[in-house]
Each structure stands twice: as structure tokens, then as C-alpha cells.
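Engineer:
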Amino acid sequence: IQATPSSGAGAPIALSYELFPPRNEAAAASLWDTIGELECTNPDYVAVTYGANGSNRDTAMDLLNRILTETSLRPLAHLTCVGSTADELAEVISELLDHGVRGILALRGDLPKNAPAEPRAGKLEYAQDLIELIRRVEQRRSALLCAGKVAIGVAAYPTRHPESPSVEHDVEVLLAKQRSGADFAITQVFFHASQYKDLVTRARRAGVSIPIIPGVMPLTSLRRVQRLGDLTGVAPSDSLLDALGRADNAAESRRIGVAATVDLARDALDAGAPGIHLYTFNEHAAALDVLDKLQLLRPGRPLVGRRLGAGAQLVQA
Ligand code: FAD
Numbered sequence: 007i008q009a010t011p012s013s014g015a016g017a018p019i020a021l022s023y024e025l026f027p028p029r030n031e032a033a034a035a036s037l038w039d040t041i042g043e044l045e046c047t048n049p050d051y052v053a054v055t056y057g058a059n060g061s062n063r064d065t066a067m068d069l070l071n072r073i074l075t076e077t078s079l080r081p082l083a084h085l086t087c088v089g090s091t092a093d094e095l096a097e098v099i100s101e102l103l104d105h106g107v108r109g110i111l112a113l114r115g116d117l118p119k120n121a122p123a124e125p126r127a128g129k130l131e132y133a134q135d136l137i138e139l140i141r142r143v144e145q146r147r148s149a150l151l152c153a154g155k156v157a158i159g160v161a162a163y164p165t166r167h168p169e170s171p172s173v174e175h176d177v178e179v180l181l182a183k184q185r186s187g188a189d190f191a192i193t194q195v196f197f198h199a200s201q202y203k204d205l206v207t208r209a210r211r212a213g214v215s216i217p218i219i220p221g222v223m224p225l226t227s228l229r230r231v232q233r234l235g236d237l238t239g240v241a242p243s244d245s246l247l248d249a250l251g252r253a254d255n256a257a258e259s260r261r262i263g264v265a266a267t268v269d270l271a272r273d274a275l276d277a278g279a280p281g282i283h284l285y286t287f288n289e290h291a292a293a294l295d296v297l298d299k300l301q302l303l304r305p306g307r308p309l310v311g312r313r314l315g316a317g318a319q320l321v322q323a
């Protein structure tokens, strides 16, 4: 196992990337270039997003399958429960396990804008319900998993979730997700490291002990930052918006954005973050630039992976 830089406390820093299933062939070709580049950095896992309501189930499954069969990477499959019944989701979970997926990010998904007034019978309401379902399916499929365990991740929010009454309520929800069987959390994007630090402080005080990994996105264009703010409800900082708005060209904008992202990630790591999860937008250049400046790029050739079940590390051939 190659040594990885540590956050100062001696523990290696976990490294992961988020990808989304490609929408067409050109996007797929470009994504596979990106996957090749990211694989060389020997990440702990790559996360594959899933549309709310299973809208991209087939393309997500295809991408997960190809990652499992054609690369040394370990995938983390996002799964959303909004609008789906327990039976439908149990089928998807079984399919993931059959394909060899051993990590699932259990999410509710965003509520559809025109949600029917009458909820479907048997549908799951919260991510917590999905965690419990995954654990039940895991138990039923224990023969398939041998001694392995499915690693379950969940979402955490440095700024209040848009539907939540308070950040304290968010932490109660995180604690409930831990009690239901979550192993780790990845945060929503944030623009000030203090928001991440405050979340961790609140969570630890409330009894949350699972790792909380900061989700960081390369903030390389004004358009992207504004869109991100709209999508997540997390307000970007005025200083970043000003700086990106003043940039004369794309290269200057990217330089400013990478520097801001590096500062954000470094502050989170200095505060004790156990890793960095990079939202890549299926592009590797800015993500690798950020990691390079953080001195987090793992040197050497890609590791040839042998999956030994959840929790096992990739082993160098
Ligand atoms: P939950 O934890 O269920 O929370 C949803 C809301 O319900 C919150 O306001 C919470 O406070 C409240 N709540 C939860 N439990 C209870 C309870 N027991 N009682 C009362 N209130 C409760 N979306 C996608 O569609 N696809 C993806 O692939 C995807 N990936 C993501 C990855 C990360 C790292 C993050 C942070 C978000 C991702 N999202 C994704 C977005 C996510 O689905 C939305 O933020 C969604 O609105 C909430 O999902 P959740 O899992 O946090 O839900």
C-alpha cells in the first residue's frame, strides 16, 4: 500500500471523486479519459451519482459495472429513495450487490417540484429509511457477501438543508442516520471552512462519531459557482463571486477558482478533516490541479486492485 500524506494526526487522508453517468456517447468517451487520469491517483473510491426517482438507473448501473470490471477503482454507488417503494429499492440494492458494489451512499434525493399530494404506498420518506433497508437486504444476502459488510455513506450539511428548520435539526438527522447504520458522511458543498468546522463540532457534541468528509468542488468559473448556489441553496461567498467576475478570461478564472478551492480544502484538512471528496463534474484537470497544490497526489503507477470486500484496501500487485 502506498503511503499517503497525512493531516498531521498521522492518519492517511482519504481521497475520493464524484462522477455522474454520461448522457451521450461523446460524454462517455470524455468521462473514460477522466477516469483513466483519476485512477492514476489511486483514490479510495469513486462515487457515481444516481438521479432522484431512479431517472438514470441504467446508465448509472452501466458505469458502475464498467468501473468494477475494467478498472482497479472501487465504486461508491449513490442511491436515492424519493418516489420509490421499499420493494423497488430492495431490487436495486440486490442488483448492486450482485454486481460487486460494496459501498452505497444512501440519499433521499431532492423532492420533485410537482410531487403528488398523495404519497405512494410503501415509499420511503427519508435517507434513514433507505439505510435500514440496505442493512436488511445485506442481512438477507449475507451468503453472497461472505464476511464482508456494505459500507454506507450519507449526506451531511455544513449549511442548513433547505427544508430543515435548523442546523441543530440537521445534526439530529445525521445522528439518526448513524444509529441506523451509516459508516461515514460526505458533506454538501460549502464556501467557508468555518461552516465545515462548525458542523463537525456540533455533530461531535451530539454524539456523531462517524468520519465527516468535506465535499469540495473546484470553483473554476463564475457560471458554475452561481449554478451550484442555485442547485444546492448554499450561498457562494461574495469575495469569490467578485474575483471570478473580474477575471478577464477562462484561464484567469480557473487560476482564481483553483486557488480558492485549495484554500478551502487546506483549511478543512487543517481542522482535522479525514479526507477530501472532490466533485469533479466529470473533468479531471481542475481536480488534479487542486490535489497537486495540496500535495495530495499519490505518486507512482496505478495500483492493480483486488477487491476483498467492503473495508478492504486495494492491494498492490
Ligand atoms: P435526508 O437525510 O432524508 O433529509 C431530507 C430532509 O428531511 C432534511 O431537511 C432533513 O432535515 C429532513 N429529515 C430527515 N429525516 C427526518 C426525520 N426522521 N424527521 C423529520 N425530518 C427529517 N441527489 C440526487 O438526486 N442524486 C445524487 O446522487 C446525490 N448525491 C449527493 C451527494 C452528496 C454528498 C450530497 C450532500 C447530496 C447529494 N444529493 C444527491 C442531494 C440530496 O439528495 C439532497 O440534498 C436531498 O434534498 C436530501 O437528501 P438526504 O439524503 O440528505 O435526505
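When you line the sequence shown up against full-length UniProt numbering, it's residues 7 to 323, in that order. Heads up, the beta-carbon is just placed ideally off N, CA and C, and yes, glycines get one too.
1. Please confirm whether H283 has its beta-carbon closer than 8 Å to some beta-carbon of chain D.
2. What's the gap between the Cα of P27 and the Cα of N62?
3. What does the alpha-carbon distance come out to for the pair G315 and I218?
4. Between P168 and the rest of its own chain, which residues show a CB-CB distance below 6 Å, the 5 nearest in sequence each way excluded?
5. Do V231 and V268 count as a contact pair if the criterion is CB distance below 8 Å?
6. Of all the options R208, V54, A96, T286, which has the alpha carbon lying nearest to the alpha carbon of S172?
7. Between E178 and the rest of its own chain, which residues show a CB-CB distance below 8 Å, the 5 nearest in sequence each way excluded?
8. How many angstroms separate the CA atom of A133 from the CA atom of K183?
9. What is the C-beta distance between G159 and L82, in whole angstroms, given that I count them as a contact (C-beta under 8 Å)?
10. To test your reading of the DSSP string, which unbroken alpha helix (DSSP H) runs of 4 or more residues are found completely within the segment 89-169?
11. What does a CB cutoff of less than 8 Å around L103 pick up in its chain, not counting 5 residues either side in sequence?
12. Under 8 Å: do the segment 42-56 and the segment 17-33 share three or more Cβ pairs, one atom per stretch?
13. Is the beta carbon of H283 less than 8 Å from the beta carbon of E45?
14. Would you kindly work out how many angstroms separate the C-alpha atoms of G281 and D273, rounded to a whole number?
15. Once the 5 residues before and after I137 are set aside, which same chain residues still bring their CB inside 8 Å of it?
16. At a threshold of 7 Å, does G221 count as lining ligand 1 (C-beta to nearest heavy atom)?
17. Kindly list the residues whose CB is nearer than 8 Å to the CB of G235, restricted to its own chain and excluding five residues on each side of it in sequence; keep chain order.
18. Taking the alpha-carbon positions, what's the residue 337 to I262 distance?
19. What I want to know is whether the C-beta of R185 ends up closer than 7 Å to one or more non-hydrogen atoms of ligand 1.
20. So, at 6 Å on beta carbons, what are the nonlocal neighbours of P220 in its own chain, with the 5 sequence-adjacent residues on each side left out?
21. Compute the minimum distance between the beta carbon of D254 and the heavy atoms of ligand 1, and state whether it is under 7 Å.
22. So, at 8 Å on beta carbons, what are the nonlocal neighbours of L303 in its own chain, with the 5 sequence-adjacent residues on each side left out?
23. Is any non-hydrogen atom of ligand 1 found closer than 7 Å to the C-beta of R233, if you look at the structure I gave you?
24. Rounded to whole angstroms, what is the Cα-Cα separation between Q8 and E76?
Structural biologist: Taking the geometry as given:
1. Reference to chain D is not applicable here, since this structure consists of a single protein chain.
2. 8 Å
3. Annotation note: pLDDT 34 at G315 (below 50); position unreliable, coordinate value reported separately. Straight-line Cα distance between these residues: approximately 22 Å.
4. G239
5. no
6. R208
7. A212
8. 7 Å
9. 6 Å
10. 92-105, 133-146, 148-151
11. V143, E144, R147, L150, L151, V156
12. yes
13. no
14. 12 Å
15. A112, I158, V160, K183, S186, G187, A188
16. yes
17. A241, P242
18. Here the chain covers residues 7 to 323 and nothing more, so residue 337 does not appear.
19. no
20. T193, Y202, A274, A279
21. no
22. T47, L294, L297
23. no
24. Interpretation of Q8 is limited by its pLDDT of 35, a score under 50 that renders its predicted location unreliable; no figure is taken from the coordinates.
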